[in-house]
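Right, one structure below, let's go through it.
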Amino acid sequence: MDREVMNSADAVLGAQPKRRKENRGIRAKVVAQRQERSSRWLRVPLACLTLVLAGCVGNAGTVGTAAAGSAQATKAQQQPLKERQRIAAEMFRDRCKKAGVFIHRTVEGVEGVFLMKLRPKGVNYGNQYELSDPYGADLMGGDGYILSFLKGYFQATTKQGPNRPPDAPADPIGYAYVEAVDLEDGVRYRYTGTVKATRKMKADAPNVQLELRRNPNFDLNIYDYVLERTPSRAPRPRYGVTYDDISTREERDYWIAGSSLKVIDLQTDEVIAERIGYMVDWAQGITVGERSPWLLAADNACPEFAPRHGATSQMFQTIRFVNKTLKSKGD
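This note's numbering puts the last residue of the sequence shown at 532; the count rises by one with no breaks.
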């Protein structure tokens with residue numbers, strides 16, 4: 202039995218069925234742009250920034266939801282920013298003591314997994330009380346979450362830069378298939394994916410004409426990674442993946458989000474791996490300059506996503522964790 206325990210609390214403190222290859226790059230660019238806009242408030246002149254942090258300019262990031270409730274401010278919202286930050290730091294430090302990656306057992310030769318819970322479409326950038334698991338979110342829901350588990354999807358939709366750092370996360374591998382229950386019809390489906398020619402380039406386009414002159418056998422096909430699903434008549438996969446938002450109301454009062462990600466042996470009900478993580482927005486929800494609180498909270502996480510721009514490393518985090526426990530067949 203292998204056991205890996207990683208706890209980084211101390212270090213942290215201080216598709217649609219046809220997914221185009223360029224969509225993956227666009228999504229990463231959008232995240233980077235949001236992070237850039239989110240950090241603009243840091244460059245506001247000091248006098249203005251003081252007003253912002255004092256709560257005199259705009260809404261200090263308080264997002265109204267059904268859970269948050271009413272016009273009456275919470276106790277945390279009535280406190281000065283420095284006091285909220287002090288309390289948040291103490292709470293975050295305490296939560297990080299139990300955070301980490303815990304792998305109790307690894308399994309070789311896994312062909313497919315069962316997604317016990319799918320992620321909804323959309324990304325929670327700043328809803329304070331929505332229990333959408335912003336720490337564990339891959340910044341892609343719906344079909345994108347399913348696609349991220351399939352073998353070849355990452356490689357087909359991601360172009361690695363020439364200056365990739367040596368400590369960059371390993372490329373996720375994925376599985377031959379995944380299964381999940383569609384909540385709309387209650388049917389368990391098997392999802393697979395492959396790269397297919399889905400359309401053709403315009404032969405009279407100037408750049409295509411140039412390529413054809415260089416190479417008469419130039420391939421005019423445009424390829425997409427295509428998601429396919431069929432009702433599953435096979436036994437349910439033995440290993441399941443699920444997630445939970447474990448945040449309490451008190452933690453959300455101070456912009457702390459908690460997450461649990463588990464790999465479960467569905468035959469024995471044994472949790473064979475779990476990741477518990479927390480992140481905090483030190484600015485306590487300020488939204489000045491289009492700032493996205495949960496995106497920037499990813500910079501203050503345990504276990505951490507990356508030393509800088511943590512949100513960009515959130516993508517494909519789930520499959521990377523699952524790959525550590527369930528080794529894909531043939532890899």
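Glycine included, each C-beta is placed from N, C-alpha and C at the ideal position.
query: Nearest-angstrom Cα separation, counted from F315 out to V379; result: 6 Å
query: Inter-residue spacing [alpha-carbon to alpha-carbon] between R389 and Y444; result: 19 Å
query: Buried or exposed (CB count within 10 angstroms, at least 16 for buried), A289; result: buried
query: Beta-carbon contacts of R296 that lie in its chain and below 6 Å, excluding the five residues immediately before and after; result: Y479
query: The stretch 338-348 in contact with the stretch 314-330 per 3-pair CB rule at 8 Å; result: yes
query: Three-way DSSP call (helix, strand, coil) for A502 in this model; result: strand
query: Contacting residues, own chain, Cβ-Cβ under 6 Å from F506 (five flanking each side not counted); result: A499, S514 and Q515
query: Bridge partners - R389, DSSP secondary structure assignment; result: V382
query: Boundaries of the beta strand (DSSP E) in which R521 is found, first to last residue; result: No beta strand (DSSP E) holds R521; the alpha helix (DSSP H) holding it covers Q518 to T526.
query: Proximity below 8 Å, CB of Y424 to CB of T399; result: yes
query: T395 (DSSP reduced to helix, strand or coil); result: strand
query: Same chain, Cβ closer than 7 Å to K403, five either side skipped, listed in chain order; result: V409
query: Contact set for V481: own chain, Cβ-Cβ below 7 Å, skip 5 residues either direction; result: A289, F293, W456, I457, A498 and N501
query: Check whether R476 and F522 have beta carbons under 8 Å apart; result: yes
query: Status (buried if at least 16 other CB within 10 Å, exposed otherwise) for T469; result: exposed
query: Whole-angstrom distance between T395 and R434, CA atom to CA atom; result: 21 Å
query: Option in K283, G490 and V472 with minimal Cα separation from T526; result: V472
query: Check whether V302 and P508 have beta carbons under 8 Å apart; result: no
query: Straight-line Cα distance separating K283 from Y440; result: 45 Å
query: CB contact flag (I520, G375, <8 Å); result: yes
query: Run of the alpha helix (DSSP H) containing T358, from where it starts to where it stops; result: Y354 to T358
query: Classification of R450 by the beta-carbon crowding that lies within 10 angstroms, buried from 16 upward; result: exposed
query: Burial state of T488, where buried means 16 or more other Cβ atoms lie within 10 Å; result: buried
query: Contact under 8 Å by Cβ, E312 with A377; result: yes
query: Three-way DSSP call (helix, strand, coil) for Y455 in this model; result: coil
query: Beta-carbon separation (whole angstroms), Q286 vs W483, contact threshold 8 Å; result: 6 Å
query: Own chain partners of N524 with C-beta closer than 7 Å, once the 5 adjacent residues on each side are dropped; result: P373 and I374
query: Extent of the continuous alpha helix (DSSP H) run through I347; result: D344 to L348
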